[in-house]
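Read through the structure below, which is laid out as structure tokens, and then see the notes.
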Amino acid sequence: MTNDAWAMVIVTSEEVILRYKREAKPLHLHFPANQRINDGYWNHLVISWSAKSGTYSLVWNSIRLFADNWIDRRYDLNHNVTLVLGSAEYPVFEGLITRVNLWNRLLDFEKEIPIMVAGCQAADEIFDGLLVRFENYNEIVGKVERIPKSSCGREKRRNFEDENGVIRVEDCPTNQLLVSHKREMNVSWPEPTFIGVHPIVRVEKNMKQGQILTWGEYDVLYVAHDNATNTAQCNFKIRVTREHCTDLPHPINGIQACENWGPQLKYKACSIECRDGFEFPRTPAIFYTCGADGE
Numbered sequence: 002m003t004n005d006a007w008a009m010v011i012v013t014s015e016e017v018i019l020r021y022k023r024e025a026k027p028l029h030l031h032f033p034a035n036q037r038i039n040d041g042y043w044n045h046l047v048i049s050w051s052a053k054s055g056t057y058s059l060v061w062n063s064i065r066l067f068a069d070n071w072i073d074r075r076y077d078l079n080h081n082v083t084l085v086l087g088s089a090e091y092p093v094f095e096g097l098i099t100r101v102n103l104w105n106r107l108l109d110f111e112k113e114i115p116i117m118v119a120g121c122q123a124a125d126e127i128f129d130g131l132l133v134r135f136e137n138y139n140e141i142v143g144k145v146e147r148i149p150k151s152s153c154g155r156e157k158r159r160n161f162e163d164e165n166g167v168i169r170v171e172d173c174p175t176n177q178l179l180v181s182h183k184r185e186m187n188v189s190w191p192e193p194t195f196i197g198v199h200p201i202v203r204v205e206k207n208m209k210q211g212q213i214l215t216w217g218e219y220d221v222l223y224v225a226h227d228n229a230t231n232t233a234q235c236n237f238k239i240r241v242t243r244e245h246c247t248d249l250p251h252p253i254n255g256i257q258a259c260e261n262w263g264p265q266l267k268y269k270a271c272s273i274e275c276r277d278g279f280e281f282p283r284t285p286a287i288f289y290t291c292g293a294d295g296e
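Using our numbering, the letters of the sequence shown correspond one by one to residues 2 to 296.
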């Protein structure tokens, strides 16, 4: 890089940092505690910004975490850029990444992003406006391990023992969200399957099917053992709540428009506007949404 270059987008395990020009103050978007990208699961991240509308957004697994006006509309985002996977500051990257692409347009939030999230490997490549594909990263510095058959799209990333075929986990359930006005409810879920090179001798689990749970969040863990001392695990969360993304009244002297969106359409996004004769003292966000916990 030249001396006049600067980092426009930085993605770490803690935050996303945006800076659309050198003299602009960087924008720090911190991942919420329960919506991270280093939680041991495959996560899909979309970072977009538009000079035309002056907006940016950060979408995590088809859920908008951040969206607002920020960029000066008079500023042109047409730059020569270099994409770097890794960092010169830290010599080691721990984790797995795939499909790091760059487009010259905004991806469709309703039609394109949900398909990419639902099927990482099954989803067709979106070539419209595609500038950089994951295959285009050809300047490699240091030791990089390439796994030719990607495991992306599976809810739980498998460890290297699993990749070598010792014990394979199939049908590990995704996180479960259950809504019940009753304080207690019977809970069940699909059973995971463990397939090993050696015979599976036992599967331990910390919760039973049909167990009665009350409101709260629970960790479910399965651990499979074979006769050669190998193990593999499947874990997911069950959240039982009385309410989830409940309807809110219209703002005073205003109206709201809401729609269901996100995984399984269990979340809501609402935009607000003033009634005739009223105006906001300051420009509101493009939309408001309930968090991953339904609040």
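All C-beta atoms in this analysis are idealised placements derived from N, C-alpha and C, irrespective of residue type, glycine included. Predicted, not measured: the structure shown is a model, and the values here were computed from it.
The shortest CA-to-CA distance from Asn44 to any of Thr175, Leu222 and Glu205 is the one to Thr175.
For Cys291, the CB contacts under 7 Å within the same chain, skipping 5 residues up- and downstream, are Cys246, Tyr268 and Lys269 in chain order.
In the structure shown, Glu95 adopts coil according to DSSP, grouped into three states.
Around the CB of Asn236, 16 or more other CB atoms lie within 10 Å, so the residue is classed as buried. For a cut-off of 8 Å, the C-beta gap from Asn70 to Thr56 is around 6 Å, short enough to register as a contact. Taken in chain order, the complete beta strand (DSSP E) segments of 3 or more residues contained in the stretch 187-242 are 194-197, 201-206, 212-215, 217-227 and 232-242. In this structure, Val221 and Asn207 form a Cβ contact; the two beta carbons are roughly 7 Å apart against a cut-off of 8 Å. In this structure, Leu103 and Leu132 form a Cβ contact; the two beta carbons are roughly 5 Å apart against a cut-off of 8 Å. If you draw a straight line from the Cα of Arg106 to the Cα of Thr215, it comes to about 46 Å. Of the candidates Val101, Phe128 and Thr230, the residue whose Cα lies closest to the Cα of Glu136 is Val101. Taking every protein chain shown into account, the CB of Arg65 has 16 or more other CB atoms within 10 angstroms, so this residue is buried.
According to the DSSP assignment, Ile273 belongs to no alpha helix (DSSP H) but to the beta strand (DSSP E) extending over Tyr268 to Cys275. A distance of 8 Å or more separates the beta carbons of Asn231 and Pro200.
Where Ala68 is concerned, the enclosing beta strand (DSSP E) starts and stops at Ile64 to Asn70.
By alpha-carbon distance to Gln36, the top candidate from Arg147, Leu28 and Ser63 is Ser63. Assigned with DSSP and collapsed to three states, Ala119 falls in helix. In the assembly as shown, Leu19 is a buried residue. Its beta-carbon has 16 or more other beta-carbons within 10 Å. In this structure, His182 lies away from Val202, with their beta-carbon atoms at least 8 Å apart. Taking the Cα positions, Asp277 is about 21 Å away from Tyr289. According to DSSP, Cys259 shares a beta bridge with Cys271.
Here the alpha carbons of Ala258 and Leu249 stand approximately 11 Å from one another. Pro193 is not a Cβ neighbour of Tyr219, given a cutoff of 8 Å. Distance between Phe110 and Val198, taken at the CA atoms: about 42 Å.
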